[in-house]
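Be aware that the sequence shown starts at 44, since it is given in our numbering, and climbs by one per residue. Positions of the beta carbon are idealized from the N, C-alpha and C atoms, including for glycine. Have a look at the structure below, then the notes.
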Amino acid sequence: MAKPFIFTLMPFNEQFNDIYQLGIKETCHAFDTYCERVDEQVFQGSIVDRIFNQISKADIIIADMSGQNPNVFFEVGYAIALNKKIILLTNDANDIPFDLKHYAHIVYNHSIQKLKEMLQKQVRYYLDSPEKSIAEMRFGLSLYIDGNQLIENTTTNISISASKNRIYLSIRNDSSETFYNNEIKIGIIGDNAVWEDDNFRTVVMPDNNTMYITECHSTVFPEAIETFEIYTPYHSANDKDIFFKIFTKYGPREFGIHLTFTPVPQAT
Numbered sequence: 044m045a046k047p048f049i050f051t052l053m054p055f056n057e058q059f060n061d062i063y064q065l066g067i068k069e070t071c072h073a074f075d076t077y078c079e080r081v082d083e084q085v086f087q088g089s090i091v092d093r094i095f096n097q098i099s100k101a102d103i104i105i106a107d108m109s110g111q112n113p114n115v116f117f118e119v120g121y122a123i124a125l126n127k128k129i130i131l132l133t134n135d136a137n138d139i140p141f142d143l144k145h146y147a148h149i150v151y152n153h154s155i156q157k158l159k160e161m162l163q164k165q166v167r168y169y170l171d172s173p174e175k176s177i178a179e180m181r182f183g184l185s186l187y188i189d190g191n192q193l194i195e196n197t198t199t200n201i202s203i204s205a206s207k208n209r210i211y212l213s214i215r216n217d218s219s220e221t222f223y224n225n226e227i228k229i230g231i232i233g234d235n236a237v238w239e240d241d242n243f244r245t246v247v248m249p250d251n252n253t254m255y256i257t258e259c260h261s262t263v264f265p266e267a268i269e270t271f272e273i274y275t276p277y278h279s280a281n282d283k284d285i286f287f288k289i290f291t292k293y294g295p296r297e298f299g300i301h302l303t304f305t306p307v308p309q310a311t
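What follows is the structure, given as structure tokens:
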């Protein structure tokens with residue numbers, strides 16, 4: 044089986060050599076992938092044609108937007124048009140062009156170690172989810188319940204009890220875009236025995252489940268975290284499957300929760 048091919052777009056400048064060799068390439072090789080820049084390749088013909096050819100063939104594109112290099116911007120635009128999986132980097136968030144501010148960027152601030160740590164997560168995410176594309180990056184939010192990250196299309200187990208009847212939902216903004224008041228809406232889908240919170244309005248759905256909806260009333264800046272405390276009165280020996288749904292202008296995302304009630308041991 045062929046190794047995944049990761050093609051790197053960045054300025055051809057000595058100041059980027061350590062970023063590429065020690066930050067990007069070492070990280071990619073740790074995942075047993077094949078990572079190259081065009082200046083490492085031997086080929087005939089135009090370098091521009093070669094870059095476009097490699098973008099079309101690559102499984103993942105890594106692009107360093109530092110310095111606002113127009114060639115890199117143009118190449119990234121071509122990759123987006125092909126709906127490729129792209130990991131965007133920059134040393135300085137101010138270098139992110141307006142048209143790409145709604146895409147998540149790794150901002151490494153001169154730190155190769157920080158770049159490697161954040162890049163590992165992105166590369167692993169795309170290798171583990173090969174069907175994901177650039178469209179997924181527009182969402183830009185990570186969700187956690189009681190510190191457990193929620194993964195789309197995966198069910199997360201959460202335990203509650205009579206002594207622990209509140210859960211904490213945290214939303215982290217991993218993008219470089221600011222989400223302003225009420226631009227993030229939260230929906231919880233389940234029956235009315237599960238949730239009881241005055242901050243949520245209720246909508247009865249056609250299947251007789253109830254969606255509890257609230258808005259994020261705070262401005263969520265890049266890398267900021269907003270946490271919601273949610274009360275549940277659910278006390279039953281029967282487990283419940285529910286769903287959290289997050290709505291933004293980039294579309295909804297749904298996350299499954301398997302809710303287990305743990306009885307408090309009786310004193311003997």
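Leaving out the 5 sequence neighbours to the left and right, which residues in its chain are closer than 6 angstroms to Gly-233 when beta-carbon positions are compared? Ile-285
From Ile-231, Ile-268, Asn-252, residue whose alpha carbon lies closest to that of Ser-218: Ile-268
What are the partner residues of Gly-233, as DSSP defines its beta bridges? Thr-253
Identity of the residues DSSP links to Tyr-77 by a beta bridge: Phe-48
Below 8 angstroms on the Cβ atoms is my contact criterion, and I expect Val-230 with Phe-290 to pass it. Report the Cβ-Cβ distance as a whole number of Å. First, the residue type needs correcting, since residue 230 is Gly and not Val in the sequence shown. About 7 angstroms; that satisfies the 8 angstroms criterion.
With H, G and I counted as helix, E and B as strand and the rest as coil, what does DSSP make of Gly-183? Residue state, collapsed to three classes: coil.
Can you list, in chain order, the residues of its chain whose CB lies under 7 angstroms from that of Gln-163, leaving out five sequence neighbours each side? Thr-70
Phe-222 in three-state terms, based on DSSP: When DSSP states are grouped into helix, strand and coil, Phe-222 belongs to the strand group.
Secondary structure at Leu-131, three-state DSSP: helix, strand or coil? strand
Please name the residue, chosen from Lys-100, Pro-113, Asn-60, Met-53, that lies closest to Tyr-77 on a Cα-to-Cα basis. Lys-100
Straight-line gap, Gln-97 to Val-91 (C-alpha atoms, nearest Å): C-alpha of Gln-97 to C-alpha of Val-91: approximately 10 angstroms in a straight line.
Just curious, the beta strand (DSSP E) that Glu-269 is in, first and last residue? Element bounds for Glu-269: 268-274.
Identify which residue in Ile-300, Asp-282, Tyr-146, Gln-156 has its Cα closest to the Cα of Lys-292. Tyr-146
Supposed contact pair Asn-200 and Thr-303 - C-beta distance, whole angstroms, cut 8 angstroms: That pair is a contact at about 7 angstroms.
Run through the DSSP bridge pairs and tell me what Val-247 is partnered with. Thr-253
To which residues does DSSP link Arg-296 through a beta bridge? The partner list for Arg-296 (beta bridge, DSSP) reads Ile-289.
Start and end residues, alpha helix (DSSP H) containing Ile-104: Taken as a continuous stretch (DSSP letters only), Ile-104 belongs to no alpha helix (DSSP H), being part of the beta strand (DSSP E) at 103-107.
Using the Cβ count rule (16 or more neighbours within 10 Å means buried), how would you classify Asn-112? buried
Since Ser-213 is in the beta strand (DSSP E), which residue starts that stretch and which ends it? 209-216
Just to check my reading of the structure: Phe-11 and Tyr-121 have Cβ atoms closer than 8 angstroms, yes? What is that Cβ distance to the nearest angstrom? An answer regarding residue 11 cannot be provided, because it is not within the stretch 44 to 311 covered by the chain.
How would you call Glu-118, buried or exposed, if buried means at least 16 neighbouring beta carbons within 10 angstroms? By the 10 Å Cβ count, Glu-118 comes out buried.
Quick check: Phe-50 and Asp-82, are their CB atoms within less than 8 angstroms of each other? In this structure, Phe-50 keeps its C-beta atom at 8 angstroms or more from the C-beta atom of Asp-82.
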